[in-house]
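Right, one structure below, let's go through it.
Chains as they are written, first to last, in my numbering: chain A, 396 to 658; chain B, 3 to 293.
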């Protein structure tokens, strides 16, 4: 894991505004992402989650403060922000369909010593398919390529946008397991619609509505509040299984302990 | 039969010239979304500088011809790199301004060439072999056609090798498909932009020297006249596709030659008709990306 310059958050967003084709899609968004664990960025469809992620790395026009590991980066072009230690896994994978799997991965290598062995261990299937055109892979395999591209380099943070979208349940579980593994070494800001996955992985939650932050706090506590999730996400969390994974149980216990200590 | 063979080789020679112009246009549009109306000026500059070299060092020598190809390509490359670096770089995502500035540059370049070399066409001398013919299946094919075809094939092979086997080639292929994702991997795609412009300019400059031998003259308007058909080739082949540009260049030029001979000089009309059909039934072109 990359050492952080300070004990504070790894990512600080303040007063972030973003526009697409003249329309405001992110409005005065402020939040922080701690230097460990997974923080979920939640909200109904179209509230600006993906736009927020894109605005952080400058893929869309934006204003406001973006501080990565204590260094302001909002004036930097996208490639420099990425090189300063951001791994980006976009919505819909966005693999280069006319490049092979191996070429997709080679293109993403920016460190002098990319972590090829880690990627091979996490995604052995990709090794077997290295000569295959990425466009011919299944959705799940393309997601693996997309995740592998981000994990090849040593990052300060991963921005992961809807990694389980459109995937079969078995693949969703694999993706979640990979993210849990990755989160041991790098903090993740995760956009995710699948609340079961959020419950399994996320420690913190930032909820957007209408392009603004409307709630921040502990992810499990948020998901346990059915009224709040119903109001902010438009879904009932009673449908989401409370059969917590070991990750979720541990985080819940830690959150309760922290609360107790605070009292 | 001999007429068909002659038309075929003449078409292939012309298609080679179209390809040399269209290859750069296609890659530039595919990667950067820039419609470069100044591309013909790169070709014309290459043709004039090649002619200057030939005139000063002895036009009938093969060495001079090869040197003129080299100088023409370098002149086109330098002009293109300068254009990208000084004018286009500030205008990415501003497509109207790009069109205005490249149209303006092409007009200014023609005026500049007029001022330097005059408005009249300058007739070209080459090695004596160019004036001779080679008999194939009863048709006497002018030798300069073979030079154009060989040069275009070599350029195509070199470009394919570069795109398939180098990191910058990989960046360009990826950028043609999804430019913003390339930058989101931490790659400074602007370097690839300059490189693509430079490569496109070199191919156009090379095409300019060859075009001057194919047509037998060079004039300030040479680039503009070829640019129209190169745009058509680029669209038919599929924006961003090098192989598509090669196939379309041959198809357009051969169709043009046959229509000119058998349909009473309607070659240009038939080509525009072909363009309309492609736009109607396959808008992404023969091998272009689908939106």
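Heads up, the beta-carbon is just placed ideally off N, CA and C, and yes, glycines get one too.
Computed from a predicted model, the values in this text were never measured in an experiment.
Going by alpha carbons, who is nearest to residue i out of the options?
i              : options                           : result
residue 417(A) : 456(A), 599(A), 439(A) and 548(A) : 456(A)
residue 104(B) : 3(B), 121(B), 84(B) and 117(B)    : 84(B)
residue 247(B) : 32(B), 50(B) and 7(B)             : 32(B)
residue 496(A) : 172(B), 50(B), 264(B) and 272(B)  : 172(B)
residue 502(A) : 177(B), 220(B) and 22(B)          : 177(B)
residue 554(A) : 410(A), 421(A), 451(A) and 409(A) : 451(A)
residue 603(A) : 443(A), 513(A), 616(A) and 592(A) : 443(A)
residue 35(B)  : 158(B), 198(B), 119(B) and 81(B)  : 198(B)
residue 479(A) : 489(A), 505(A) and 500(A)         : 505(A)
residue 596(A) : 489(A), 575(A), 610(A) and 613(A) : 575(A)
residue 81(B)  : 272(B), 40(B) and 190(B)          : 40(B)
residue 508(A) : 550(A), 585(A) and 590(A)         : 550(A)
residue 598(A) : 582(A), 477(A) and 565(A)         : 582(A)
residue 477(A) : 548(A), 579(A), 586(A) and 562(A) : 548(A)
residue 50(B)  : 74(B), 194(B) and 64(B)           : 74(B)
residue 445(A) : 526(A), 488(A), 524(A) and 512(A) : 488(A)
residue 184(B) : 433(A), 429(A) and 454(A)         : 454(A)
residue 156(B) : 229(B), 61(B) and 22(B)           : 22(B)
Compare the beta carbon distance of residue i and residue j with 8 Å and say whether it is the shorter of the two.
i              : j              : result
residue 43(B)  : residue 207(B) : no
residue 436(A) : residue 628(A) : no
residue 287(B) : residue 234(B) : no
residue 492(A) : residue 530(A) : yes
residue 124(B) : residue 53(B)  : yes
residue 425(A) : residue 608(A) : yes
residue 546(A) : residue 510(A) : yes
residue 154(B) : residue 18(B)  : yes
residue 174(B) : residue 29(B)  : yes
residue 48(B)  : residue 147(B) : no
residue 126(B) : residue 11(B)  : no
residue 46(B)  : residue 111(B) : yes
residue 631(A) : residue 621(A) : yes
residue 552(A) : residue 521(A) : no
residue 3(B)   : residue 224(B) : no
residue 484(A) : residue 556(A) : yes
residue 261(B) : residue 25(B)  : no
Do we get a CB-CB distance below 8 Å when we pair residue i with the residues of chain B?
i              : result
residue 559(A) : no
residue 508(A) : no
residue 454(A) : yes
residue 478(A) : yes
residue 543(A) : no
residue 563(A) : no
residue 492(A) : yes
residue 505(A) : yes
residue 407(A) : no
residue 489(A) : yes
residue 498(A) : yes
residue 594(A) : no
residue 427(A) : no
residue 531(A) : no
residue 502(A) : yes
Could you give the DSSP three-state label for residue i: helix, strand or coil?
i              : result
residue 144(B) : strand
residue 268(B) : coil
residue 126(B) : coil
residue 430(A) : coil
residue 167(B) : helix
residue 262(B) : helix
residue 437(A) : strand
residue 605(A) : coil
residue 276(B) : helix
residue 17(B)  : helix
residue 173(B) : helix
residue 612(A) : strand
residue 189(B) : coil
Counting only beta-carbon atoms, is residue i nearer than 8 Å to chain A?
i              : result
residue 142(B) : no
residue 175(B) : yes
residue 270(B) : no
residue 138(B) : no
residue 66(B)  : no
residue 98(B)  : no
residue 287(B) : no
residue 188(B) : yes
residue 3(B)   : no
residue 86(B)  : no
| Contained beta strand (DSSP E) runs [length at least 3] in the stretch 520-596 of chain A, N- to C-terminal order | 552-556 and 583-586
*At what residue ranges does the stretch 447-526 of chain A contain a whole run of the beta strand (DSSP E), taking only runs of 3 or more?*
456-463 and 481-484
Minimum length 4: unbroken alpha helix (DSSP H) runs contained in the stretch 89-137 of chain B:
DSSP runs (the alpha helix (DSSP H)) wholly in the stretch 89-137 of chain B: 97-119.
Output the residue ranges of the alpha helix (DSSP H) runs that lie fully inside the stretch 24-51 of chain B and measure 4 residues or longer, sorted by chain position.
Correct list: empty.
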